[in-house]
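What follows is a set of notes on a single structure, which appears directly below.
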Amino acid sequence: MTKQFHGHELPHEALEQLFLEARSYNGWLDKDVSEEQIRHIYDLLKMGPTSANQQSARFVWCKSQDAKDRLAKHASEGNVEKIKTAPVCVIIGYDIDFHEHLPELFPHTDAKSWFEGDVEGRITQAKRNSALQGAYLMLAARALGLDCGPMSGVDLDKVTEDFFADQPQYRADWICSIGYGDKESIFDRSPRPDFEKFNRID
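Under this note's numbering, the letters of the sequence shown match residues 1 to 202, in that order.
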């Protein structure tokens with residue numbers, strides 16, 4: 001029998017760590033992020049929901065200096081040092097052939113057939129669900145006491161060519177540095193809109 005878990009509201013301290021006081025960091029303390037921590041992040045983020053359990057995100061964890069230097073070559077000038085000096089920088093990509101894994105990941109129906117012959121539809125699905133998984137990655141990292149520095153200022157075509165050359169069905173989408181953030185590197189928080197500005201309840 002599946003164990004039923006009924007959620008409860010997290011303490012305010014947890015909300016501060018995940019959202020209210022969390023920031024996007026531009027610099028990092030000289031403190032390692034271990035492979036064990038990386039695996040723990042993944043083991044948390046993979047539990048977040050995706051459509052038909054697609055799990056369409058593909059991650060490259062650039063931890064060695066060589067990998068970070070390679071990635072930094074494809075970044076805009078302002079992002080080079082953010083990548084090179086981070087303990088780890090993750091490439092968040094997506095697999096346009098994610099449907100090939102659905103017999104294993106969504107076994108109770110023939111979900112693979114839903115996506116066969118529709119490449120554009122699969123790209124839309126893969127982008128949407130891998131973006132969700134990237135957000136789960138950031139929350140997982142923050143939940144484990146780490147900080148994040150998400151970035152889109154890279155040449156994604158070159159990142160794809162460099163890091164996914166042997167997997168032509170994969171595409172890079174954005175990157176995120178992870179580590180212990182240097183508080184001196186953050187800017188003043190930008191304004192956040194009130195509910196009424198971008199929301200309505202029908």
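Where a beta carbon is used, it is the ideal one built from N, C-alpha and C, also for glycine.
Everything numeric in this text was worked out from a predicted model, so none of it was measured.
Would residue i and residue j qualify as a contact pair, given that the criterion is a beta-carbon distance under 8 Å?
i    : j    : result
S56  : A111 : no
F59  : I92  : yes
G149 : S130 : no
D166 : R70  : no
I186 : R39  : no
S76  : G153 : yes
G27  : Q133 : no
A72  : V80  : yes
R122 : F106 : no
L45  : L137 : yes
R142 : Q37  : no
Which residues share a DSSP beta bridge with residue i?
i    : result
D173 : Note: D173 sits in no beta bridge, so no partner.
G179 : D147
D95  : Y170
V33  : In DSSP, V33 forms no bridge with anything.
S24  : C148
V154 : A75
Would you report the Cα separation of residue i and residue j, rounded to the nearest angstrom?
i    : j    : result
L102 : K84  : 36 Å
D155 : H74  : 5 Å
R192 : F19  : 12 Å
E120 : Y170 : 14 Å
Y42  : F198 : 32 Å
K82  : C62  : 13 Å
L144 : S64  : 21 Å
E13  : E21  : 9 Å
V159 : D173 : 9 Å
L100 : S34  : Position check: residue 100 holds Glu in this sequence, whereas Leu was assumed. If I take the Cα positions, the gap works out to 31 Å.
G179 : K31  : 7 Å
E116 : Y94  : 17 Å
D201 : E184 : Looking at the sequence itself, residue 201 is Ile, so the reference to Asp does not match. Looking at the two C-alpha atoms, the distance is approximately 40 Å.
Y25  : G181 : 6 Å
A140 : F5   : 19 Å
N53  : D194 : 33 Å
L29  : P11  : 28 Å
Taking the alpha helix (DSSP H) that residue i falls in, what are its first and last residues?
i    : result
N49  : Position check: residue 49 holds Pro in this sequence, whereas Asn was assumed. Segment: none, P49 is in no alpha helix (DSSP H) and carries neither H nor E.
A14  : H12 to L15
L105 : L102 to L105
E196 : F195 to F198
Taking 7 Å as the cut-off, does the CB of residue i come closer than this to any heavy atom belonging to the ligand GTP?
i   : result
R70 : This structure lacks the ligand GTP; in fact it carries no ligand of any kind.
3 or more residues per run - each beta strand (DSSP E) lying fully within the region 52-92: 57-62
Let me know the alpha helix (DSSP H) ranges lying completely inside the region 115-146, each 4 residues or longer, listed in chain order. Runs found: 119-143.
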